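Peer 1: Every number in the numbering used here is 596 more than the matching position in the sequence shown, counting from 1. Positions of the beta carbon are idealized from the N, C-alpha and C atoms, including for glycine. A quick note: this is a predicted structure, and the numbers were derived from the prediction, not measured. Got a structure for you, questions after.
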Amino acid sequence: MEWESYDLEKDLTGLAYDFVSEGPKGRIKKLIRFQPVPSLGTNVYNVALGDLDEANDRLNDSVISNNGDRLKVLNTVADAIIDFLLYRPTAIILLRATTLARTRLYQIGITFFWAKLNSEYEIWGKIDKDWIPFRAGPNYQEFLLFKKME
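So this is what it looks like as structure tokens:
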């Protein structure tokens with residue numbers, strides 16, 4: 597099954613992806629950034645998603661766009677993660693949201709795209725201080741995603 601996503605533009609470092617969300621609120625430039633998290637290891641990257649704050653030319657991850665394309669945006673983020681892991685197959689992706697509502701949105705996205713991700717990737721969720729293999733149902737605080745070892 598194929599899901600619709602936006603076309604991604606990637607910078608030369610492979611750490612930054614951009615796309616344009618199109619919906620009732622117009623065209624909104626979205627940014628995806630893979631940020632190293634040295635405190636968790638040399639190969640751990642946080643994924644930041646937000647709108648371009650044109651005044652400051654920065655990613656704003658606290659804005660709520662509500663452009664009517666949530667699943668298309670989430671699928672585009674999944675595409676960026678998959679592409680990122682093609683070039684960094686040993687990387688571990690950390691999904692840590694800025695709010696509980698966004699954590700829930702990430703969980704909905706992981707559940708929705710489970711079939712797309714589960715065959716090649718391990719996904720773990722954090723509950724309290726414990727990391728456990730992801731399954732639908734529990735409310736997680738954050739998520740780890742990495743390629744399955746062959």
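Mapping the DSSP letters down to three states, classify I660 as helix, strand or coil.
Peer 2: Coil at I660, not helix or strand.
Peer 1: Would you grab the beta carbon distance between L627 and L604 for me? Rounded to a whole angstrom, and I think it's under 8 Å.
Peer 2: Going by Cβ atoms, the distance from L627 to L604 rounds to 11 Å, so no, they are not a contact pair.
Peer 1: For R773 and V616, I'd like the C-alpha separation in whole angstroms.
Peer 2: For the chain, the structure presents residues 597 to 746; residue 773 sits outside this window and is missing.
Peer 1: Which stretch, first to last residue, makes up the beta strand (DSSP E) that contains L691?
Peer 2: It spans 688-691 - the beta strand (DSSP E) in which L691 sits, taken as one unbroken run.
Peer 1: Considering only the beta carbon of each residue, do E600 and N714 sit closer than 8 Å?
Peer 2: The answer is no: Cβ separation not under 8 Å.
Peer 1: Hey, quick one: how far does the beta strand (DSSP E) through Q631 stretch, first residue to last?
Peer 2: Counting along the chain, the beta strand (DSSP E) containing Q631 begins and ends at 622-632.
Peer 1: What is the residue span of the alpha helix (DSSP H) that D675 lies within?
Peer 2: Element bounds for D675: 666-683.
Peer 1: When the Cα of Y602 is compared with those of D665, L690, T686, A687, which residue comes out closest?
Peer 2: It is D665.
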